[in-house]
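Novice:
2 protein chains.
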Amino acid sequence: MPQIRKPEKKEQIKEAAARLFRDKGYSATSMRDLAEAVSLKASSLYNHISSKEEILREICFENAHRFRSGMEEVEQAQSTAMAKVEALLRLHVRTAMEDATSVTAFNDEWRHLNEPFLSEFKSLRRDYEQRFRLILLAGMEEGEFRQMDPNIALYTLFSSVRWVYDWFQPGRPLTAANVEDELTAFILQALRP
Amino acid sequence: MPQIRKPEKKEQIKEAAARLFRDKGYSATSMRDLAEAVSLKASSLYNHISSKEEILREICFENAHRFRSGMEEVEQAQSTAMAKVEALLRLHVRTAMEDATSVTAFNDEWRHLNEPFLSEFKSLRRDYEQRFRLILLAGMEEGEFRQMDPNIALYTLFSSVRWVYDWFQPGRPLTAANVEDELTAFILQALRP
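Going down the list, the sequences are from chains R and F. Number 159 in the numbering used here belongs to position 159 of the first sequence; there are no gaps in the numbering. Every position in the second sequence, counted from 1, becomes a number in the numbering used here once 1000 is added.
1) By the three-class DSSP mapping on this structure, what secondary structure does R:Val161 have?
2) Output needed in chain order: residues of the segment 1022-1034 of chain F with a Cβ under 9 Å from some Cβ in chain R.
3) Give the secondary structure of R:Leu174 by DSSP, where H, G and I count as helix, E and B as strand, and everything else as coil.
4) Use the C-beta contact count for F:Glu1141: other C-beta atoms within 10 angstroms, 16 or more gives buried, fewer gives exposed.
5) Can you give, in chain order, each stretch of the alpha helix (DSSP H) that sits fully within the segment 1099-1151 of chain F and has at least 4 residues?
6) Using a Cβ cut-off of 8 Å, which residues of the segment 35-61 of chain R contact any Cβ in chain F, in chain order?
7) Show which residues of chain R have a CB atom less than 8 Å away from the CB atom of F:Gln1147.
8) Chain F beta carbons: is any one of them nearer than 8 Å to that of R:Ile135?
9) Apart from the five residues just before and just after R:Glu86, which ones in its own chain have a Cβ nearer than 7 Å to its Cβ?
10) What's the call for F:Lys1084, buried or exposed, on a 16-neighbour Cβ count within 10 Å?
11) In the structure shown, what three-state DSSP assignment does R:Gly70 receive?
12) Pop quiz: R:Met82 and R:Glu144 are said to be a contact at Cβ under 8 Å. What is the actual Cβ separation, rounded to whole angstroms?
13) For F:Trp1196 and chain R, any beta-carbon pair shorter than 8 Å?
14) What does R:Ser160 touch in chain F if you count any residue whose Cβ is under 7 Å from its own?
15) Counting only beta-carbon separations shorter than 8 Å, does F:Leu1183 have a partner in chain R?
16) In the DSSP assignment, find the alpha helix (DSSP H) that holds F:Ile949 and state where it starts and stops.
17) Assuming contact is defined by CB atoms lying nearer than 8 Å, are F:Trp1163 and R:Thr156 in contact in what I supplied?
18) What is the rounded straight-line gap between the Cα of R:Glu109 and the Cα of F:Ala1190?
19) Who are the neighbours of R:Ala190 on chain B, taking C-beta pairs under 8 Å?
20) Any Cβ of chain F within less than 8 Å of the Cβ of R:Asp127?
21) Enumerate in chain order the residues of its own chain whose CB-to-CB distance from F:Arg1125 is below 6 Å, with the five nearest sequence positions on each side excluded.
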């Protein structure tokens, strides 16, 4: 049996922070809570990370860059708008299932970033949304998608995967592959003419 | 011009609390924050409400009862599964647009309820979900909906309206009626065979 590699401490800290931010809220989470969650003394935690602001920043920007890379890959592919949206949707669903930190960036905690990071993060989000919107509009123009307000399509699509993080646990009773396939099919059908 | 009726102070307090819980998190919101948000002295706030726990409880149960009433009305109607799901979806979208407190009950803040209220709230949620699931299953059985995992359909449908509260502002550029119609049509198309 291949051995499962233990995630690096830093990754553990980020995952734990993302869960604490969700459960207690960012403001109410202390470095002490975080140290306890990863079984470190507060003093040792500072060897890995200087503040909770730093963790939030890393979580938000890592995820923003992950989605930007996904978008770049999709834009370079010679494929239909439908295939592009499918690839991006699969990225959203897979990310929500595999990485607890992603939900922090997707959802509300990014609001706690300080400037200039807040503006930079918002600008990355706007850019991602705009590129996604252009794919939707191209698909409507080509008749691959039905005519609808592109913002409603876009935000509904982003929102539709939000439950996955709260609810999904592999194998009970659905596998990750089931959820990815069914959720992707659901949204693609909603877009068709 | 008809005068717009000023909402009761209690309603204002609940709306302000719902926004603070979302922005700062429930744990980090103090009665002082809440008093400031509704321009009251902390001492006057206590004439309206005894604790933030009480507000959270009222918000959660009012919304749970609103959705239960909607479900009862829908169940009693002699209509197709498609018409039932449409009526419930419209209730979800309209509620998200009209009432800022609803998002608190929909989303994460209910986790902060104390017992026995937490268990009671979870049981109301489970009951609502189960009744909604039965409508979806009946629709699949009748061939009105395509065959899919009912949980994926259910949670995707609930999640899909979550953006409305964050993003929607009447008339810029979409009206509430536009959003309700388009979002409902989007999800209904996803369910069709």
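Virtual Cβ for every residue (Gly too), placed ideally from N, Cα, C. Values in this document were obtained by computation on a predicted structure and should not be read as measured data.
Specialist: In brief:
1) coil
2) Arg1022, Asp1023, Lys1024, Gly1025, Tyr1026, Ser1027, Ala1028, Thr1029
3) coil
4) exposed
5) 1102-1106, 1117-1141
6) none
7) The contacting residues do not exist; F:Gln1147 stays about 10 Å from chain R at best.
8) no
9) Thr184, Leu188
10) buried
11) helix
12) 5 Å
13) What is shown of chain F runs 1001 to 1193, which leaves residue 1196 of chain F out entirely.
14) Thr1156, Ser1159, Ser1160
15) yes
16) What is shown of chain F runs 1001 to 1193, which leaves residue 949 of chain F out entirely.
17) yes
18) 30 Å
19) Absent from the structure is chain B; the protein chains it does hold are R and F.
20) no
21) none
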